[in-house]
Amino acid sequence: LNAPSATYAPVLKDTVYGEATVKNLLTMSSGVKDAPHSGDPIQKEQCRVGIDCDGWQMQRSQILTGRELIHKFPDRERPSGSIFSYNGLDTLALSEIAEQQGGFINNFTQFIWNKSGVESPGYWLVDKENRVIAQAGFSAIIRDWARLAMFSISQLNSSNPCISGFMKDATSPQIPNKSRAVGAAFSNYGYQTWVADFGARDSYWWVGYGGQRVGVDPQKEKIIVMISKREDYMSEIYKFFSWWQRQ
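Below is the structure:
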């Protein structure tokens with residue numbers, strides 16, 4: 109994890125993402141310029157809504173590939189590993205590592221999806237080169253999100269010390285969320301995972317668009333899954349989860 113990411117994904121060479129370590133990308137501390145719009149580096153005022161207002165929409169509507177988006181923002185603003193800054197391009201760069209190591213979708217299917225006991229298909233959005241839009245492109249039914257959370261707990265408790273050690277680091281504080289510009293409810297970040305301290309014990313959270321949330325208390329094996337377009341009541345969800353943790 110402490111090797112430069114370009115070691116594993118040469119396509120990242122000559123970018124801040126390739127110079128950053130894998131751990132820097134996991135903790136969203138590559139050192140790239142702050143993203144102005146929910147982790148997206150592009151925010152156009154004159155745009156076609158749903159088509160080209162931001163980088164994610166340009167990927168989804170087949171205007172930009174993920175690799176083109178990465179290379180539009182290759183420069184460093186601060187030392188890697190110094191400050192947490194929520195940026196989807198760090199996630200997209202990580203997907204390039206998985207792509208080079210047997211294929212992202214193949215790895216996801218083999219090592220996560222098929223082992224989670226899912227009941228329905230899941231879907232990844234892809235760009236025009238058929239590569240996943242890894243920073244914001246996965247959909248599953250609510251019960252399968254819960255199964256993914258249950259699988260994450262089993263990986264935390266794995267008898268394989270490599271897997272369990274990685275998951276313990278991934279779901280515990282690795283870098284503080286000092287600015288709170290994004291993820292205001294969460295004081296810390298793990299590996300591509302928010303870490304909360306508003307309950308009786310730390311919990312880890314997967315946060316999607318609007319009110320999409322998965323919260324996990326691994327010690328008590330309590331899981332909450334929210335599928336919603338609105339997020340103006342998330343503070344009540346966090347209060348409820350904190351209360352539930354204490355029961």
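Going by the numbering used here, the sequence shown opens with residue 109, and the numbers climb by one from there. Idealized CB from N, CA, C, for every residue including glycine.
Integer-rounded CB distance, given that residue j should sit under 8 Å from residue i
| i | j | result |
| --- | --- | --- |
| V124 | D183 | 6 Å |
| Q243 | G147 | 7 Å |
| A308 | Q353 | 4 Å |
| S360 | F306 | Here the chain has residues from 109 to 355 only, and residue 360 is not among them. |
| Q282 | Y297 | 6 Å |
| V315 | S280 | With 8 Å as the limit, V315 and S280 do not qualify as a contact, their Cβ atoms being about 17 Å apart. |
| A111 | V140 | Between V140 and A111 the Cβ distance is about 19 Å, and since that is not below 8 Å, they are no contact. |
| S295 | I205 | Actually they do not touch by this definition, with Cβ atoms about 28 Å apart. |
Distance, residue j Cα to residue i Cα
| i | j | result |
| --- | --- | --- |
| S138 | A292 | 20 Å |
| G189 | T135 | 8 Å |
| D235 | I171 | 8 Å |
| K328 | Y317 | 27 Å |
| N132 | S267 | 27 Å |
| D160 | L202 | 23 Å |
| R338 | G323 | 17 Å |
| I241 | N195 | 14 Å |
| I331 | T301 | 15 Å |
| I261 | G211 | 25 Å |
| K180 | M166 | 13 Å |
| A128 | Y346 | 33 Å |
| D252 | E185 | 39 Å |
| E344 | W313 | 15 Å |
| F246 | Q355 | 33 Å |
| H145 | Q151 | 6 Å |
| N222 | S272 | 19 Å |
| E207 | F348 | 39 Å |
| V157 | R168 | 12 Å |
| R269 | N238 | In the sequence on display, residue 269 carries Pro and not Arg. Taking the straight line joining both Cα atoms gives about 34 Å. |
| D162 | A143 | 11 Å |
| I220 | Q263 | 10 Å |
| R255 | I249 | 10 Å |
| F259 | S224 | 5 Å |
| P284 | P326 | 21 Å |
| K276 | A257 | 14 Å |
| Q218 | M342 | 33 Å |
| N215 | W232 | 13 Å |
| P149 | D310 | 30 Å |
For residue i: DSSP bridge partner residues
| i | result |
| --- | --- |
| V130 | Note: V130 sits in no beta bridge, so no partner. |
| D148 | H145 |
| D325 | K330 |
| V140 | R184 |
| Y312 | V303, V324 |
| P284 | N296 |
| P112 | T129 |
Burial state of residue i (16 or more Cβ within 10 Å)
| i | result |
| --- | --- |
| W164 | buried |
| L109 | exposed |
| P187 | exposed |
| Q154 | exposed |
| S122 | Inspection of the sequence shows that residue 122 is occupied by Asp rather than by Ser. Result: exposed. |
| D340 | exposed |
| V119 | buried |
| T199 | buried |
| T115 | exposed |
| F192 | buried |
| Y299 | buried |
| A117 | buried |
| P229 | exposed |
| S287 | exposed |
(request) Scan the region 170 to 246 and note each continuous alpha helix (DSSP H) run of 4 residues or more that stays entirely inside, going in chain order. (result) 174 to 180, 196 to 208, 212 to 216
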